[in-house]
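*Asks:* Residue numbering for the sequence shown follows our numbering, beginning at 1245 and increasing consecutively.
Built from N, CA and C at the ideal position, the CB exists for glycine as well.
All values derive from a computational prediction rather than experimental measurement.
Attaching a single structure in structure tokens format; questions to follow.
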Amino acid sequence: MDGAASGRRRQGLVVGHAGFHGPPDEVGMVEIGYSVAPDFRRQGYARSTLIELLRRAAAEPAVTTVRATISPDNVASLATISGFGFVEVGEQWDEEDGPELVFEVPARRIPPA
């Protein structure tokens, strides 16, 4: 598992990007990130991307926890992760994005693909 991002494509257009922020840390935590271009939002791309990221993380034996950080104002992303077992575990300040809520889900709770 590496930190490389991948683009989601529709008819040759990149509709967003997603990936892992890096390999699992010393306790097995990986952080995921995803973004969908404005013209392609509300079409299921973020959800399908999240499913794929979680599937890949759960398949990696070194991963124990998956983390996602989301701006409290990002209602769409908060809705996207609901139903996947994520629990809010704290808050943090991001230099680029400002305040973020921190969510985690144990890898063992991610259903197999």
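Just to check my reading of the structure: Ala1306 and Pro1350 have Cβ atoms closer than 8 Å, yes? What is that Cβ distance to the nearest angstrom?
*Replies:* Ala1306 to Pro1350, Cβ: 14 Å. No contact.
*Asks:* Would you call the CB atoms of Val1274 and Phe1264 closer than 8 Å?
*Replies:* For Val1274 and Phe1264, yes; Cβs fall inside 8 Å.
*Asks:* Please state whether DSSP places Arg1300 in a helix, a strand or coil.
*Replies:* Of the three classes helix, strand and coil, the one that applies to Arg1300 here is helix, per DSSP.
*Asks:* So who's on the other strand from Leu1345, going by DSSP bridges?
*Replies:* In the DSSP output, where bridge partners are listed per residue, Leu1345 has Ile1314, Glu1335.
*Asks:* Confirm, please, whether the CB-CB distance from Val1319 to Val1333 is below 8 Å.
*Replies:* For Val1333 and Val1319, no; Cβs fall outside 8 Å.
*Asks:* What are the boundary residues of the alpha helix (DSSP H) that Val1319 is part of?
*Replies:* That run of the alpha helix (DSSP H) goes 1319 to 1325.
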